[in-house]
Amino acid sequence: MAESLPPAMRGESGQRRAKEPGTSTSSRPAAHRSRKSAAAASRTSGGRPDREAAPAAPTRSDGNESNGSGNGSGGGSAPAPAGTAPAGSPTAGNAVQRQAYAAIDLGTNNCRLLIARPQGQNFVVVDAFSRVVRLGEGLAQAGRLSDAAMDRALSALSVCADKLKRRNVHLARSVATEACRRASNGMDFIDRVRRETGIALDVISAQEEARLAVLGCHILLEQGEGPAMIFDIGGGSTELVLIENGPTVPRILDWQSVPWGVVSLTETCGGEGESAADRAARYARMRGLVDDSFATFAERLTEHLAGGGSGRADLRLLGTSGTVTTLASLHLELPQYDRGAVDGLVVPAESMRAISTRLAGLSPAERRLVPCIGRERADLVVAGCAILESILDIWPASRLGVADRGIREGILRSLMASGLRAESAQAALRRLRAQ
């Protein structure tokens with residue numbers, strides 16, 4: 001990774017971390033707010049990277065400015081790398097600061113869009129969109145994307161395409177992940193998306209998915225020494241990334257991607273039984289499948305845990321996923337989801353385990369009544385809980401950082417850094433021509 005990012009800031013257990021410079025704060029509880037009470041085949045990929053995977057080239061998107069909605073702020077950061085003029089300077093930054101950048105993340109469960117403009121060291125969100133599409137529905141059994149799932153995804157991508165046309169987007173990158181990697185008709189679907197919407201989806205590798213997730217959320221990792229873990233529980237896969245502090249961005253020491261996400265694990269383990277015993281047996285099966293897929297990576301982690309001399313209280317852990325943000329909402333006993341209260345929260349790991357156990361014991365009808373879960377997540381959240389508990393087993397941190405950001409923000413940071421480098425190069429050429 002070549003992007004330079006601001007240093008992370010310390011958080012406190014069960015408290016919010018300080019907001020990074022340059023981002024606006026929304027209305028939310030004070031920093032010392034406390035909650036009311038605690039409440040497929042096992043196919044994996046990963047390994048110690050020799051070098052960081054380079055990001056794929058961004059694609060251009062043209063369109064006109066419109067009156068679209070969606071003002072906000074993002075925690076993105078893209079200062080110039082060494083040897084280039086800093087953002088906001090007459091040489092390189094002014095043009096970049098006015099340009100809009102877009103990121104589309106088509107996952108196994110969700111389709112998400114983020115459009116933003118650089119603002120100093122960070123970025124301001126111009127427009128955003130998210131829709132549950134369940135592109136991977138039925139993939140575990142059929143091995144291919146269903147017609148209904150593709151239609152749902154295309155409908156959401158059409159909305160994204162319209163927003164790209166209405167905004168003055170300078171650079172855009174659109175990525176697809178595990179569902180399109182695994183499906184036998186994944187590339188046919190990619191071609192159809194290009195024909196019908198004009199969006200060129202890049203089916204990224206699991207390693208690139210992990211890199212972008214780290215780039216997008218690592219600023220929320222607590223300060224500390226020694227290795228730390230960042231994970232992303234998706235719809236069709238889970239990425240685990242072991243990192244250490246670097247001069248500008250974390251260095252990836254090791255990583256693993258397993259084919260268990262909330263959709264793939266739910267479908268593989270079948271429907272829920274009527275009795276509490278049936279639900280407990282199903283949850284145990286989920287835990288077993290995930291534990292088996294993590295086994296090789298867990299063995300490698302023991303080297304870091306043994307060699308570093310760190311105790312459980314010193315281990316740092318940060319999660320980005322709907323599972324983590326949902327459980328954090330329940331930890332805070334929020335009546336409805338509030339990103340401002342959740343993004344950057346640090347929660348005791350034991351609280352997340354207790355909430356996971358409680359949710360796994362509820363019937364689907366009971367889970368639908370739980371605030372912040374509802375109908376859309378009621379059938380999937382148990383699989384997310386199983387994956388989270390397995391992660392806590394292999395990386396037994398006492399506290400868990402929560403991030404409501406990830407791949408999209410990582411894409412935006414890469415794009416903005418690329419735009420700044422290009423602007424700097426063009427400025428250098430103009431100076432040469434003027435001599």
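Taking UniProt numbering, the leading residue of the sequence shown gets 1, the next gets one more, and so forth.
C-beta: ideal position from N, C-alpha, C; glycine also.
- A residue is called buried once 16 or more other Cβ atoms fall within 10 Å of its Cβ, and Gln207 is buried on that count.
- If one requires a minimum length of 4 residues, the alpha helix (DSSP H) runs lying completely within the stretch 141-229 are 147-166, 178-182, 186-197, 206-217, in chain order.
- The alpha-carbon of Arg353 is positioned some 6 Å away from that of Glu389.
- In the structure shown, the three-state DSSP call for Ala378 is coil.
- Contact between the stretch 136-156 and the stretch 399-407 is absent: fewer than 3 CB-CB pairs across the two stretches fall below 8 Å.
- Following the DSSP letters along the chain, one finds Val124 in no alpha helix (DSSP H) but inside the beta strand (DSSP E) bounded by residues 122-132.
- Annotated as distal: Ser414 and Leu221, with beta-carbon spacing of 8 Å or more.
- Taken through DSSP and simplified to helix, strand or coil, Asp254 comes out as strand.
- Taking C-beta atoms as the reference points, Leu334 and Ala341 count as a pair closer than 8 Å.
- Separation of the CB atoms of Arg377 and Thr326 is rounded to 6 Å, and the pair is thereby assigned contact status at 8 Å.
- Burial check for Ala172: the Cβ neighbour count within 10 Å reaches 16 or more, so the residue is buried.
- Here the alpha carbon of Thr197 sits roughly 6 Å from the alpha carbon of Ala161.
- Around the CB of Met187, fewer than 16 other CB atoms lie within 10 Å, so the residue is classed as exposed.
- Judged by DSSP secondary structure, Thr357 falls within the alpha helix (DSSP H) whose first and last residues are 349-360.
- Excluding its 5 nearest sequence neighbours in each direction, Val262 has C-beta neighbours in its own chain below 6 Å: Gly235, Leu380, Ala383, Gly384, listed in chain order.
- Judged by DSSP secondary structure, Thr108 falls outside any beta strand (DSSP E); it is assigned neither H nor E.
- When DSSP states are grouped into helix, strand and coil, Ile233 belongs to the strand group.
- The Cβ-Cβ distance between Ser130 and Arg112 falls below 8 Å.
- In the DSSP assignment, Gly319 falls within the unbroken beta strand (DSSP E) covering 316-320.
- By the neighbour-count definition (other C-beta atoms within 10 Å, threshold 16), Ser184 is an exposed residue.
- DSSP lists Gly401 as the beta-bridge partner residues of Val346.
- When beta bridges are read from the DSSP output, Gln119 appears opposite Asn122.
- Under DSSP, Glu244 takes part in a beta bridge, and its partners are Arg251.
- Annotation: Ala417 to Ala281 spans about 49 Å, alpha carbon to alpha carbon.
- Taking a cut-off of 8 Å for Cβ pairs, the stretch 274-291 and the stretch 136-151 do not touch, as fewer than three such pairs fall below it.
- Straight-line measurement puts the Cα of Cys372 at about 14 Å from the Cα of Ser321.
- Annotated three-state conformation of Tyr101 is strand, per DSSP.
- Beta bridge pairing from DSSP links Glu239 with Asp232, Ser257.
- Each of Gly246, His218, Trp260, Ala100 was checked against the Cα of Leu139, and the nearest Cα belongs to Trp260.
- In the structure shown, Gly46 falls within a strand segment according to DSSP collapsed to helix, strand and coil.
- Taking all protein chains shown into account, Leu412 has 16 or more neighbouring C-beta atoms within 10 Å of its C-beta and is therefore buried.
- Ranked by how close their Cα comes to the Cα of Ser351, the residues Leu332, Gly107, Tyr337 have Leu332 in first place.
- When the five nearest sequence neighbours on each side are left out, no beta carbon in the same chain lies closer than 6 Å to the beta carbon of Ser205.
- By the Cβ-count criterion, Ala276 is exposed, with fewer than 16 other Cβ atoms from all chains shown falling within 10 Å of its own Cβ.
- For Ala298, same chain residues with a beta-carbon under 6 Å away, outside a window of 5 residues either side, are Ile394 in chain order.
- When the five nearest sequence neighbours on each side are left out, the beta carbons in the same chain lying within less than 6 Å of the beta carbon of Ile115 are those of Ala100, Ala102, Val126, Asp127, Arg167, in order along the chain.
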